[in-house]
Structure formats: C-alpha cells, structure tokens
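Student: Starting off with a structure, shown below.
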Amino acid sequence: MKKILKIFFGPYKKKYKKKRPTISLGLDKKEYQNKKNEFLVIANKKTVFFNEFYKFEYNKISIRNQKTRWGSCSSRKSLNFNYRIFLLSEDLMDYIIVHEICHLQEMNHSKSFWDLVEKKIPDYKKKRLELKKYYFIN
Ligand SMILES: [Zn+2]
Numbered sequence: 081m082k083k084i085l086k087i088f089f090g091p092y093k094k095k096y097k098k099k100r101p102t103i104s105l106g107l108d109k110k111e112y113q114n115k116k117n118e119f120l121v122i123a124n125k126k127t128v129f130f131n132e133f134y135k136f137e138y139n140k141i142s143i144r145n146q147k148t149r150w151g152s153c154s155s156r157k158s159l160n161f162n163y164r165i166f167l168l169s170e171d172l173m174d175y176i177i178v179h180e181i182c183h184l185q186e187m188n189h190s191k192s193f194w195d196l197v198e199k200k201i202p203d204y205k206k207k208r209l210e211l212k213k214y215y216f217i218n
C-alpha cells in the first residue's frame, strides 16, 4: 500500500496518560525528503511575508525532524522548523513561524519578546494553548 501523508488525531497509546491529539507523518525516507522540500518552500514564503513587517536579519531556514520542539532560532540567526508544523492548521503554523522570527530579535521569552509576537499574532495566547494539545509521535 502506498504510504501517504498522514495526520493522526486521537489517543495513541495507553502509556500516554492524557488523551491529546497526536501528529505523525507516515512516509519513507525519499517521500519525506520530497515533502521536506515542499515544506521548505512554504517556510521560506511565510518567513519572507511576516518578515516584511519585522525586517529582521536571518540566514538560513531549515526543516527538521525534531521530537520535542516546533521550531528554533540559532544564535547564527538560522531558523529551524519542525516538519510537523506543516501538518497543523495554517494559523498555528503562522504563529510558530512568527514566534521564531521574533527570536531573531529577542533570544528569550521576555515581555518584549511576546510584545513583538503580539504585533502579528494578537491572539498568540490562544495559539499557545491550542499547541499544548498536541503530542509528537514517531
Ligand atoms: Zn520561543
């Protein structure tokens, strides 16, 4: 059977005590590579779009398979996004992208960081709560 992009919502295993929605991408290596390139195009477009407002400097954008985080921003001003963000709803994806863009300016979660996020995502608190509902699986 051909493997397809798969998002699994619902309780995964009993060992996860809390029943939260989970996200998984059932792809082999080559298919993942193709998807990753597709996601990178979206990430680049969205970063350019939101950064038209912020105008921060950045270097490289990468798509990664990370188990514990949605994205990160390095001290070298590179943005990394978990491929799983592209399986989320677009507004959650946008929130994560804006979050990482704002780390280009504020490498912390201070009040001034959240003020920056709020400029583009006024209901970011709601988005953060929504994201907490998700687990990563494989
Ligand atoms: Zn952060």
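Okay, so the sequence shown: first residue is 81 according to the numbering used here, each after it adds one. Just so it is clear, CB atoms sit at the ideal spot from N, CA and C, and this is done for glycine as well.
1) Could you check if L118 is buried or exposed, using at least 16 other CB atoms within 10 Å of its CB as the buried criterion?
2) Measure the Cβ-Cβ separation of N160 and G151 and say whether it is below 9 Å.
3) Rounding to the nearest angstrom, what Cα-Cα distance links K206 and Q113 in this structure?
4) How long is the line joining the alpha carbons of T148 and M173, rounded to whole angstroms?
5) Pull every residue with its beta-carbon under 6 Å away from any heavy atom of ligand 2, and keep them in chain order.
6) According to DSSP, is I141 helix, strand or coil?
Tutor: The relevant details are as follows:
1) Position 38 of the sequence shown, counted from the start, is the residue given in the question as residue 118. Sequence check: residue 118 is Glu here, not Leu. Exposed: under 16 other Cβ atoms inside 10 Å.
2) Position 80 of the sequence shown, counting from 1, holds the residue named residue 160. Position 71 of the sequence shown, counting from 1, holds the residue named residue 151. Yes, they are a contact pair.
3) Numbered from its first residue, the sequence shown carries residue 206 at position 126. Numbered from its first residue, the sequence shown carries residue 113 at position 33. C-alpha separation (whole angstroms): 32 Å.
4) Within the sequence shown, residue 148 is the residue found at index 68, counting from 1. Within the sequence shown, residue 173 is the residue found at index 93, counting from 1. Near 16 Å, if we compare the C-alpha coordinates of M173 and T148.
5) For the structure depicted, ligand 2 is absent and the ligand set comprises only ligand 1.
6) Against the sequence shown, residue 141 aligns to sequence position 61. The answer is strand: DSSP assigns I141 an E or B state.
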